[in-house]
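Contents: one structure, followed by commentary.
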């Protein structure tokens with residue numbers, strides 16, 4: 004990491020890797036990347052304030068947690084055509100686009116091959132302590148690149164694989180510790196062939212360089228030197244490119260939101 008520096012709307016200077024190859028998690032299947040400091044503390048707080056001030060109808064209440072979708076929900080795997088709000092697009096999307104995949108000449112960015120060449124959809128999930136999400140795949144509506152920015156607190160994302168008989172192995176094959184202000188990118192086979200989930204626990208345990216796939220890239224591994232992470236409320240921003248967009252639906256959707 005070093006030379007690729009992006010100045011956000013705050014005085015904080017964010018240092019990004021020159022190429023995603025610098026932050027690739029080598030022990031996992033193709034491919035995962037982890038940047039511990041993707042946004043500043045000021046940017047993190049500004050985004051959390053925007054999320055908290057969203058109108059109540061923006062929240063979808065599930066049994067134990069809640070979420071927001073921007074610019075809208077998917078309808079029949081299609082996105083209603085509308086721009087993301089500025090507070091979700093800037094500075095995050097320009098930073099995503101600014102990092103090359105590798106040091107090869109003319110190396111593209113992570114979204115260069117996606118239909119719209121940038122994310123057009125953001126899912127905001129709020130995870131209180133003790134609440135997670137069952138192992139799942141994100142599905143075929145999205146281009147196979149997921150960029151997740153974590154806010155507020157740390158937790159472990161578990162990656163699962165299937166047994167020879169096709170049943171899900173209940174023990175995670177890998178664990179990724181996501182710190183606040185970090186970016187995790189998953190793509191390719193890791194996106195299409197494996198499931199991911201978050202356990203319904205109040206404390207992540209047995210954390211070490213031998214059990215956490217991104218340990219070498221953590222901003223503050225010393226915070227987890229005792230092998231545990233007591234969970235607090237963690238909010239995630241999940242950026243994806245929905246492949247099919249409904250132009251007419253976008254106009255109708257905007258009218259319904261007013």
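Numbering (the numbering used here), first residue to last: 4 to 261.
Yeah, the Cβ is synthetic: ideal placement off N, Cα and C, and Gly gets one too.
Residue i versus residue j - alpha carbon distance
i: residue 173; j: residue 209; result: 17 Å
i: residue 80; j: residue 88; result: 21 Å
i: residue 167; j: residue 85; result: 43 Å
i: residue 42; j: residue 27; result: 18 Å
i: residue 215; j: residue 250; result: 43 Å
i: residue 64; j: residue 37; result: 30 Å
i: residue 144; j: residue 161; result: 22 Å
i: residue 3; j: residue 56; result: Examination of residue 3 is not possible in this model, given that the chain is present from 4 through 261 alone.
i: residue 186; j: residue 66; result: 27 Å
Rounded Cβ spacing between residue i and residue j (contact assumed at less than 8 Å)
i: residue 92; j: residue 22; result: Incorrect: roughly 23 Å between the Cβ atoms, too far for contact.
i: residue 31; j: residue 177; result: 6 Å
i: residue 238; j: residue 51; result: 7 Å
i: residue 18; j: residue 132; result: In fact, because the Cβ distance is near 31 Å, the residues do not count as touching under 8 Å.
i: residue 127; j: residue 71; result: 4 Å
Secondary structure of residue i, DSSP reduced to three states
i: residue 120; result: coil
i: residue 217; result: coil
i: residue 71; result: strand
i: residue 245; result: strand
i: residue 3; result: Residue 3 lies beyond the stretch modelled for the chain, which goes from 4 to 261, so this question has no answer here.
i: residue 202; result: coil
i: residue 52; result: helix
i: residue 178; result: strand
Bridge partners - residue i, DSSP secondary structure assignment
i: residue 35; result: 189
i: residue 232; result: 207
i: residue 163; result: 198
Counting only runs of 3+ residues fully inside the segment 89-152, write out the beta strand (DSSP E) ranges in chain order.
Counting only runs of 3 or more, we get 124-130, 136-139.
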